[in-house]
Every structure is written in C-alpha cells, then in structure tokens.
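Protein chains in written order, with my numbering: chain C, 13 to 249; chain H, 6 to 254; chain V, 608 to 1199.
Below: the structure, in structure tokens.
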Amino acid sequence: MATVESPASPQLRSGVEPLRAGQGSSFIWRKLHSLLGIVPIGAFLLEHLLSNYEALKGPLAYGNQVKFLNSLPMVRVLEWVFIFLPLLYHGLYGFYIWLRGKSNVVYYPWAGNWMYTIQRYTGLIALAYIIQHVWRQRFTGVMLPENPYYAFHKVQVELSNPWMLAIYVIAMIAICWHFAYGVWLFAAKWGITPGVNARRRFGYVCIALGIGLACLGLAGIFAFVGPWYPSAPIPTP
Amino acid sequence: MAERTVIFEIKRQANPDAPAVWERFEIPWRHGMNVISALMDIAGNPVTADGRQTTPITYDSNCLEEICGSCAMLINGKARMACSALIDNLEQPIRIEPLTKFPLVRDLQVDRSVLFENLKRVKAWVPIDGTYDLGPGPRVYPQQQETNYPLSNCISCTCCMEVCPQFNVETGFVGAATIAQVKLFNNHPTGKVFKEERLRALAGDGGVQECGYAQNCVEACPKQLPLTTAISDIGRDVVVQKVQDWLRS
Amino acid sequence: MAARKIIVVGGGLAGLAAVIKIAEAGGAVDLFSIVPVKRSHSVCAQGGINAAKNLKGEGDTTWQHFDDTIYGGDFLANQTPVKAMCEAAPGIIDLLDRMGVPFNRTPEGQLDFRRFGGTLYNRTAFAGATTGQQLLYALDEQVRRHESEGKVKKYEGWEFLSAIIDGKGVVRGIVAMNLRTMDLQAFMADAVILATGGVGAIFGKSTNSVVCTGSAQSAVFQQGVYYANGEFIQVHPTSIPGEDKLRLMSESARGEGGRVWVPRNPGDKRPGRSIPESDRFYFLEEWYPKYGNLVPRDVATRAIHKVVYQLGLGIDGQPMVYLDLSHIDCHTLHRKLGGILEIYQKFVGVDPCVEPMKIFPGMHYTMGGLWVDFNQMTNIPGLFAAGECEYQYHGANRLGANSLVSCIFGGFVAGPNALQYASSAPAPEGDGGAAAELARQAEINKKLIENQGGENPFKLWRELGESMTEHVTVTRYNKSIKESDEKIVELLERYKRVNLSDKSQWANTSFAFARQLKNMLELSRTITLGAILRDESRGAHYKPDFPDRNDERFLKTTKASFTGSVEGPRIEFEEVDTQFIKPRARRYDVAS
C-alpha cells in the first residue's frame, strides 16, 4: 500500500504491559504471602506476645513457658514448618513486593496511600529485626531449647543495651502495626469487607487489635527492663 | 491597573527521544477559565512568559465536559482531567505535566492504549448472539441497574492507573479500571457467561492480586466509581474461582 | 474469495453501528478515528434515545413517532427513511438492552421512559443523563469483541484526508494521516462509509467536541459530494456558556419536570431560589400551554432569545435564563439526571438541586450534511455516509433524543448496503487512483508546512466562529449572513498566508488543525449561502424578514456542490418526499 513517510519517526518507549490473562503463577505466590501473614505468622505472633507476657510473672514463670513450648511434640518440625519457613517466605516475598511497588505518597498524601507506604516500611523493619532476633536469640548464645530457664537472663542481657532496647520497642510497634493493618488488608483484598462502611468499621477493630497487641508486647519487654527483676539470676525450677 | 494574569509552567518534550524542558506562560485571566482554555490560548499565541516564540502544546482533548476521558494530565502534581480543572481553584504557578506511567508521545500527550488492550483480555463485553431482532433483553431490576450504572460510567481516563503505586512496568498490574469492568460484565445476566473466563484472566500475572489497596484509585477517579469495592468483590470471586478450579481439576 | 473490505471513518455511534453490521455479515472492516473510538463525541449525548415502545400505556405508536419527527422537522425531511427509522427504533432499543446498556428501569424491571421535546408521549429510554456514553460503550464493546476476533482493524489516531476516486468516479479507498508520525497512507477498500459527526467547530464555541470540525465531510464535498441542507443548524436552548466550549444541559432536565423562567422584574437582584412564584415568568409555559417547557428546541431557543433580547428580561441584564430543577426531590434528580447535575456542579460550582441553573442557547447539532440516497450512499458510488454527517433524518429541526436513534439506524442501514454494493462493485483499474490522490495530499501538506505569512490558524478559527455565531444561528437577516459569507471569503484569502509556528513532523496538532480549518472554511459557505437563498422561516432557520414557511418555493432540500470559485458552492433544490404525511402548519402554541 502506498505511503508517504516522514524521515525516521521517533519510537515510543514501551510502557506497562497488558494483563497476561490466565498466565503465570504470581497469583498463587501473592495469595500465599497474604494468607501466611495471617496463619500461621499472625497466630504465632499472638502466641509469642502472650508467652512474653509471662515474663511479667518473673524469670521462673518465663522459663516454665519456654520449657512448655519446647516440650510440644515434634517441636523442631513445628518450628520450621509453622514459623521459620512461613516467616522466611513472607519476609522475602514481601521484600520483593516492596521492590516492585512505587510509593507516591509524596504526590498523593491520602490516608490509604500512607498506610500502603507504612505497611511496606514496617514490613522491612520487621524483616530486619526478625533476622537478627532469631539469629541472636535462637541460634547463637545459650541454646534455650536445652536450657529454657536461661531465657529470662538471655533476654535481659540483650535488652540491657539501650540501643537494642530501642530496636525492640520500635520493632514491636512496627510489627503490631504491620499485622493489624495486614488483617484489615486481608479482609479488604479477599473480599470479606467489600463495602466502604464495612471496611471503615473493621478498621476500628484492627486499630484496637493493633493497639492491644502493641501494649501486650511492650508490657512483655518492660518485664525485662523494669524495676521488678533487676539482674535476675538463673532460676532453678 | 495591571491586567490579571495566570502563570503556567508546562513540561514539554518534543518527542520520546528529546529532552524534557519546562516552559513558563503568562496568560490573561478570564472568568471561568479552565486548564484547557489556557492551552487553547497558548495555541493562539505560542509565546512564553519571557517573550520567546514556541510551538502550540500537544495534548489530548475532546469533549471538554469530563465524559470522553481524553485530557488526563498532571496538574500541580496530581492526575486529573484538564477540562474540569478550573483555574480559580488552582494554586499558581500552575504546573502541568504529562501522565508518567504511559509512553510519552509529545508534550502532554501519552499513549494509553494499554487499557483498551486490557479490556480485550478480560472480554469486557456482553456476547450477544447477533444484532438481529431477538426481542427485549433480560429483565433488570432498578436495584441492579443502580449497582451497575456507576461501574459503566468509567471514562477510561486512566487516572486510577496513574496514581496507583502498583501500576508500573515491574508489576504489569492491570489497574482498577479493568477490574471494575470485569465486575460490571460479570453482573450482567448475559455477560455472566464469561464470568469464569474473566476471573481466570484476572488471576494471571498482573492480575487483581497485584493490588496493594492503597486506595488511590478511588480517590483520584473523576467519576467516583466504587473501585475499591469492585477490587474487593473481584478479589474474592477470583479466589473462589481458583479454589473451585483446583478442586474440580 | 477474500472478504469484502469496507472502510468506516468515524468511531461514534453511527460508525460503530455500521462496523458491527459489516463484521457480523462477514465483511472485513478498517475503522479510522482521530480519537480512540471510546472517546468519540457520541459520548456527550445525555438525555436518551427515542423509540415508540409504548411501555407506559399511552398508546404510543411508531407512526406517532414518525409524525412527531416530521412535524418537528417542519416537513423538510424525506419521509421514507424517517418512517423506516421510527419503525426500527423499538428493535434498536431491544438490541441495546441486550448489549447491556444500563437503562433506567421501572420497579417491574422494564425499561423506563421519559418525555422529551416535541412530543406528548413518554418515548425516551435513558441511562441516567449519560445515555450517549452508555450507548457508545455498548457498541464499542461489541466492536472490541469483533476486533479481538480479527474481523475489525482499528486505526485510532488517524485522520481521514480524502477519498480515493478512480477515473470512473467510483470510490476506491481513502488517504489518511497518522497523527503521531504525520505519515500519509492510502488505504484501499470496496466501499467507504463516512460517519464523522457534526460541524460544531465552524461556530467556534458549541456543545460539540473538539473533533467535530466537519473536515471529513468538507473534504469529500470538495471532491464532488453534494452537501444538503447546510443552513439548518440546531441551537440548543439550554447550555452553560463557558470559556472553552458551551456545555449542554440536557433537554431531559425539562423532561423530568425542569422549568424555564426569568424574573418578571428585569432589575430583580435576588438570588433565583428566593424569588417567589408570583415574580417568576414561566414564559414557555405561558406561551405554549400544551407542550410547555417541552416545545421543540428551535421554538424554545427563539423564545429565550425573545425574552432576553426583545423583552430585556435576561437574569441581571445578562443573556441568561433560569432552568429550574430545585422543586424536584433531590434523590430522584440524582437517579435520573446525575450526569448533568455533576457537570453543572463541577463547572459552575453551584448545586442545581438547590439553586436554579443559569443557561443560554448554544450551537448544538448539524441537521444538514452529506447528501445521501435512501441506501445512505452519496452521489459518488461506493461512498456512504451515516450519522450526524449526513442530512437525512431531521429535516429543519431535530427532536431531542432522535439523534442517537438516527445514528444507530443510519449505521445499520449503511453497513449492509455498503457490503451489498461492494459485492457487486467492479474491480478497480490499476491502483484506482491511489498514487495520484496520495501525491495530491502530500503536496498540500508540503505547501502548508513551507507556507510563509503572518496568519495564525487558531486566530482565523476564532474569527470564523464569532462571525458565524453572531450572524448565522438563531435569528438570521440576509444582510448579516452576507457579512459572514464575506468574512469567510476574507478568511479563505488570509488562510493562504497561514504560518505554522510548529513545523515538526511528530504529533503536530496545530498542523492537523490547520488542515481542518481549510475544510471548515470551505464547508461553512454551504451554511451561509444556503441560508441566504432560503427566504422563509422553517424549523431552526428563522428569518424575521420572511417569518412564514413557504412550501411552494422552499419545501425543498438544499443541495450544494463545490465549485472552487470565489462565488462559493453552487446551490440547487430537490423535491422532498412527502408521500405519507401532508405538510401542515407547525404550531406548538395551539393544538395541532
């Protein structure tokens, strides 16, 4: 077909590609990420904060709790399947999500957009914190599964460093925030709360959940640095 | 008395390979002016504020009453329709830039055809048997009409995609507009026939799972579509569909 | 045998309707549009679409619809196609309904209907106050479906420049310009359908979209197609004056009970809502007791002009009157008129549920257009036209909500007829004239780019629009129409010195506009000359010096043909088909 062309027209840059309808597996990986955040990770978070709360009752009670948890049947398997692997996956895939999102809260400073951005940064804080926390408290130093009554002492020594205490407090708030908003997001994205009012009401529930968890967690931390058990000796059951 | 004027700063780029430059314009103020009328004024007198001759600005526009969806651009940093951007409601200097998430053509003109391609990939239509006379369509109750009509008001302006932090080249996210259209056609008594296909399509890479629920889409939408509700509903339907597919495979 | 190839130019309702029919019948379609088809001007239609479905128990019939349309158009329309359209309308509504158009519903789930101007029946189906948008989307979706099945190829961002006509005077294709690369290309086809809308831009500011320049019609007019009834321009009574355009306030506002009034006392400074009933002059209701606010548009527009310019009763001395919805329940308004309330709220900043709207007439619709026969074919074999760009369905004045039905019906007629024509069209000789036409267009482009002079095309356009709006809209005097005609001649002369500040060959919108402007100027003379010659008053064409309709001399279609000379188009008159309804006096102030 006849044409009259101008010399060498510029080419457009390629933009966002269209939907790969029905292709790929990102759906399952993303949904797994979302689901794992609630169960088992959320459930474990709850358990962990409740256990920590035992520390308020003293080194012995805390040691008993650690001992109890470590006496569960197949506890090492449970630990890997329901805690470490899900955490690792949720953390690494979450990191990947963070990498690919392009926060624009500077231009669109709207509430939901702030929450989107905060969710990503609380996730990053949580990931960094949990790596060091698991490494230092679970895999190095005194082995708590074998020596459950050393638990209070080990944590107390850790928190005696004010920097580390600050890290724990910040991480505790970040994690509770991340979890509470994660629950809200889960309900919204899985279509449990499609209605605007339902989302708003559930938002209040999640705020209460977040604040409650954060109080619980901070109380647990306070047990180690508060006036009740200064430089507590290793208890004997 | 000095004549009242309006100052514009417009980001310009002669073509995709050319460097971007900002040009400043000073235009006489008139009552009821919008951004489009200012761009028209510049076309009639393409001279910058410092008196330099330049070219008329290339931009998309058509209806000028916020129904055709053509004139989306960044105005003072925010994606919106230029026709309904009244000068008196804007802070000066008024900064105008092209949308950033779409391939730039020239000045304020970008290529938004990805949305139309996405609509094809989710089969956003009612598959009628033919245009010959088959009598009236299915009965639809007013309540259903009142649910569907707002979704059918989408003007394809792509503001929801522009403001979405997840809509970018890394994710290849489909964006809220297409998801809302899936809800619309899945709701229709005849359109339903493709419901499963559409839901499976939206479980593909770039599908509904990429939504980060920042909810910018619903804030930016000039037609107030219930986009976040549509994403929730479709998010649920896609999960249900995938689970069913898995259990029935 | 390969499928017959049809080119459709224009992606509004008429174009898309034609595309669907052709694709369905197995033809191959190339669809050309300046804008993505979903952004075509049909999207702006608000109030609804007429069809005598008689779902309100009023005894409405297609014959009554036909009669209202012919009477509303002051008997200028050929009756055979109008009758066919009115008979097809209920089926078209059913089809749109099946395509998923979210029409408003009755509690029983039936289509709801409302009243529009120029009729006493509830005959207008509607989807809120964005019916055109909803209809366009429904057709757009069907075309997208055919496109994904490979039956339709879209060329969005391409502008039609001219038809390719072979040595025997038969259309063989088109030359189009890629608006991004500015490349010219010849596209061959067995038939071509133009569905390129109205000519609002000739009047500068109108309710039309930016692309409604009439450039395509003018191009083929200059290639030998007759342009019919150009002088019939509809000025809509209710629009919001704006800096960039006039924004339509749908007739449906009155269909849902909106009332037009002005303060009885010209100096009344009170805000509209605080003026008591006794101080309001509901002039349409007083002057036209039977139809009230729902008189046809030409009648309402003249009444508003009379109130403002002769009686001096415009609000605050300004050319404005009130369109009042504030007495109607707000929830009902939003359900039935949401779209236009939003427009008023956004662009004027006032809530029309609370405060009466301030409106004024504005140029709205082109009744005239390319001359076509009853098969929608122009006088050039192989070239068809449908929709607002042709002249066939509305006579001297279009009734509200008839445009959408005429667009779809026109497309539905043009599509199959084009395919039928294509199946028996003789094969072209050689290249069918493609190379020559392409070279001609390339030459025009080259000259325009290289042109030297001091004229800015946008300024010329503004002058054209101001002159046309002042002299050739509501009230026409031969002396002032001549002034406009002379102005056009002057502008055509000045156009020769048009100088583009942008000479680039990439997405050069002012270049494309300058080409459209030339076509607007050429076409606008069919409006002025047609108006000068028609010494009568009929429908939208009103001359105070000739206040009566003159059937003896002017019950005729104006047919303009291009001459290229400074005298302008040659005008001849053609008999009107009045075989079904005998012309009678058109009086809305008394029962007919």
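The beta-carbon is built from N, C-alpha and C at its ideal position, and this holds for glycine as well.
Item, Value
"I'd like to confirm the pairing. Which residues does DSSP put opposite residue 656/V in its beta bridges?", "732/V"
"Just to make sure I have the definition right: I need the residues of chain V whose C-beta is within less than 8 Å of the C-beta of residue 125/H. Which are they?", "751, 754 and 755"
"Does residue 32/C come out as helix, strand or coil in the three-state DSSP assignment?", "strand"
"State whether the region 188-201 of chain C contacts the region 148-163 of chain C, with contact taken as three or more CB pairs (one from each stretch) at a distance under 8 Å.", "no"
"In whole angstroms, give me the CA-to-CA distance for residue 228/H and residue 160/H.", "8 Å"
"If you follow the alpha helix (DSSP H) that residue 677/V is in, where does it begin and where does it stop?", "669-679"
"Could you list which residues in chain H have their beta carbon closer than 8 Å to that of residue 120/C, in chain order?", "83, 168, 221, 224 and 225"
"Looking only at its own chain, which residues have a Cβ that is under 6 Å from the Cβ of residue 826/V, when we skip the five neighbours before and after it?", "769 and 1126"
"In or out: residue 6/H buried (at least 16 other Cβ within 10 Å) or exposed?", "In this predicted model, residue 6/H has a pLDDT of only 49, less than 50, meaning its place in the structure is not dependable enough to derive any value."
"Mind listing, in chain order, the continuous beta strand (DSSP E) runs of no fewer than 3 residues lying wholly within the region 97-138 of chain C?", "none"
"Expressed to the nearest angstrom, what Euclidean distance is found between the alpha-carbon atoms of residue 251/H and residue 815/V?", "52 Å"
"Among 731/V, 1099/V and 628/V, which residue has its Cα nearest to the Cα of residue 1174/V?", "1099/V"
"Using 8 Å as the threshold, is the region 165-178 of chain H in touch with the region 220-227 of chain H, meaning 3 or more CB pairs across them?", "yes"
"Report the rounded CA-to-CA distance for residue 931/V versus residue 899/V, giving the unit in angstroms.", "14 Å"
"Should residue 74/H and residue 852/V be called a contact, given that it needs their Cβ atoms to be closer than 9 Å?", "no"
"Which residues, taken in chain order from the region 915-932 of chain V, show a beta carbon closer than 9 Å to some beta carbon of chain A?", "Absent from the structure is chain A; the protein chains it does hold are C, H and V."
"Which residue comes first and which comes last in the beta strand (DSSP E) that contains residue 832/V?", "Residue 832/V -> no beta strand (DSSP E), and no H or E assigned at all."
"Determine the contact status of residue 621/V and residue 1023/V, defining contact as a CB-CB distance below 9 Å.", "no"
"Residue 179/H versus chain V: which residues are under 9 Å apart at the beta carbon?", "Under the 9 Å cutoff, chain V gives no residues; its nearest Cβ is about 16 Å from residue 179/H."
"Could you compute how far the alpha carbon of residue 243/C sits from the alpha carbon of residue 168/C?", "8 Å"
"Is the region 645-658 of chain V in contact with the region 73-89 of chain H, if contact means three or more CB pairs nearer than 8 Å?", "yes"
"Can you pull out the residues from the region 1085-1113 of chain V whose beta carbon lies closer than 7 Å to at least one beta carbon of chain C?", "1112 and 1113"
"Please tell me whether residue 835/V and residue 975/V are closer than 9 Å, where the distance is taken between their beta carbons.", "yes"
"For residue 1001/V, count the other beta carbons within 10 Å of its own beta carbon; 16 or more makes it buried, fewer makes it exposed. Which is it?", "buried"
"For residue 139/H, count neighbouring C-beta atoms within 10 Å of its own C-beta (all shown protein chains included) and say buried if the count is 16 or more, exposed if not.", "exposed"
"To be precise: take each residue of the region 780-791 of chain V, compare its Cβ to all Cβ atoms of chain C, and keep it if any distance is under 8 Å. Which residues remain?", "787, 788, 789, 790 and 791"
"Are residue 93/C and residue 157/C close, meaning C-beta to C-beta below 9 Å?", "no"
"Thinking just about the alpha-carbon of each residue, which of 1061/V, 928/V, 902/V and 905/V is nearest to the one in residue 914/V?", "928/V"
"Taking residue 136/H as the query, report the chain V residues whose CB atoms sit under 7 Å from its CB, ordered along the chain.", "627, 628, 631 and 702"
"Do the CB positions of residue 165/C and residue 245/C come within less than 9 Å of each other?", "yes"
"Cβ closer than 7 Å: which chain H residues qualify as neighbours of residue 1066/V?", "49"
"Between the beta-carbon of residue 35/H and the beta-carbon of residue 1073/V, is there less than 9 Å?", "no"
"Buried or exposed for residue 693/V, please, with buried defined as at least 16 other CB atoms from any protein chain shown within 10 angstroms of its CB.", "buried"
"Under a three-way DSSP split, which group does residue 59/C fall into?", "helix"
"For residue 54/H, report the span of its beta strand (DSSP E) as first-last.", "Here residue 54/H belongs to no beta strand (DSSP E), and DSSP marks it neither H nor E."
"May I ask you to list the residues that DSSP assigns as paired with residue 99/H?", "13/H"
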